[in-house]
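Structure record follows, encoded as structure tokens.
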Amino acid sequence: MKAEILSQLSAACPWKDTLQLYDTVDSTNDLAKMLARTGAPQGTVLIADCQTGGRGRMGRQFVSQAGMGVYMSVILRPGCSPAQLMHLTCAVGTAMCDAVEDVTGLRPGIKWINDLVLDGRKVGGILTELSVDTATNLVDWAVVGIGINCLQNSSNFPESLHKIAGSLAMAAGKPVDRAALSAAMIQALWKLSSRLLTEKAILLDRYRKDCITLGKAITVHTAQGAYPAVARDVDADGSLVVTLPDGSIRTVSSGEVSIRSERGYI
Ligand code: BTN
357 MKAEILSQLS AACPWKDTLQ LYDTVDSTND LAKMLARTGA PQGTVLIADC
407 QTGGRGRMGR QFVSQAGMGV YMSVILRPGC SPAQLMHLTC AVGTAMCDAV
457 EDVTGLRPGI KWINDLVLDG RKVGGILTEL SVDTATNLVD WAVVGIGINC
507 LQNSSNFPES LHKIAGSLAM AAGKPVDRAA LSAAMIQALW KLSSRLLTEK
557 AILLDRYRKD CITLGKAITV HTAQGAYPAV ARDVDADGSL VVTLPDGSIR
607 TVSSGEVSIR SERGYI
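If you read the sequence shown in the working numbering, its first letter stands for residue 357, the second for the next number, and so on.
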């Protein structure tokens, strides 16, 4: 698979030289964080065929069966403060929509903040993790982890995910080439890395177009409880701006939202 991916990357992409493929790992994010701590450079890309401990946001499991999806982590060293990187997950989300669209012709929507959705089912997710140098308050490294379900059908997912999870093959009605998707994801992330800090407003505008949560009646789930709201906007930090039933405005930067009165998980 490595040769197939390399053959589909542009000659100019320097991330070719640091691409690492694994059969089975616990989590590519955990491995990438370990490599980042020991000095691995920006653009180190790890891809695993299978993860035994794939992780999502909010401590959730990300089911990562062998040969079924693309499970990838990339090390970034943007050299900025964490405040300048609040839009990272959103920007990666849109870049991943570009990659999926390039390969399948289908553009996923994004359920705020990090879920890729096709036909009302989650087909992928993004998990970003950062380390900040406390002496300089600069980001030492960011690890961007992306999992995209490619070849599964419903029966490949655990019973509890049957109505929630989907794959690109389920949406496209035909198999999807994982090497081609991996290459498209790397290209999209490489392109994004050079714009991340200079084109923030453009990236967020693109995210707003992809975000299927906007304009919807939602339930916001927080550690303190759940409340109804309407999703109005995504702000310059990638936070969700909502209005409450009494008309007041609230900004949601963490936690989970679900879209009311739609089927499945969204
Ligand atoms: C989510 O659904 O909340 C995010 C899922 C992110 C999954 C990817 S797969 C590659 C990388 N390694 C992990 O353990 N998680 C991310």
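Virtual Cβ for every residue (Gly too), placed ideally from N, Cα, C.
For residue i, count the other beta carbons within 10 Å of its own beta carbon; 16 or more makes it buried, fewer makes it exposed. Which is it?
i	result
residue 541	buried
residue 514	exposed
residue 503	buried
residue 509	exposed
residue 424	buried
residue 498	buried
residue 417	exposed
residue 530	exposed
residue 570	buried
residue 493	exposed
What are the start and end residues of the alpha helix (DSSP H) that includes residue i?
i	result
residue 458	444-460
residue 362	358-363
Would you grab the beta carbon distance between residue i and residue j for me? Rounded to a whole angstrom, and I think it's under 8 Å.
i	j	result
residue 342	residue 544	Residue 342 is absent from the structure shown; the chain starts at 357 and stops at 622.
residue 594	residue 442	5 Å
Determine the extent of the beta strand (DSSP E) in which residue i is found, giving its start and end residues.
i	result
residue 498	494-505
residue 463	Neither: residue 463 is in no beta strand (DSSP E) and is coded neither H nor E.
residue 487	477-489
residue 604	It is not in any beta strand (DSSP E) - residue 604 carries neither H nor E in the DSSP assignment.
residue 593	Counting along the chain, residue 593 falls outside any beta strand (DSSP E), and DSSP gives it neither H nor E.
residue 469	From DSSP, residue 469 is part of no beta strand (DSSP E); its letter is neither H nor E.
residue 614	612-615
**Request:** Go through the segment 370-438 residue by residue and report every complete run of the beta strand (DSSP E) that reaches 3 residues or more, in order.
**Result:** With a minimum length of 3 residues, the continuous beta strand (DSSP E) runs that stay inside the segment 370-438 are 375-381, 401-407 and 425-432.
**Asked** Along the chain, which unbroken stretches of the alpha helix (DSSP H) at least 4 residues long are found entirely within the segment 509-590?
**Response** Listed in chain order, the complete alpha helix (DSSP H) runs (minimum 4 residues) inside the segment 509-590 are 524-528, 534-549 and 556-566.
**Message:** I want to know whether the segment 400-417 touches the segment 471-483 - three or more CB-CB distances under 8 Å.
**Reply:** Taking a cut-off of 8 Å on C-beta distances, the segment 400-417 touches the segment 471-483, as three or more cross pairs fall below it.
**Message:** Taking contact to mean 3 or more Cβ pairs, one atom from each stretch, closer than 8 Å, check whether the segment 382-398 and the segment 554-563 are in contact.
**Reply:** Contact between the segment 382-398 and the segment 554-563 is absent, because fewer than three Cβ pairs lie under 8 Å.
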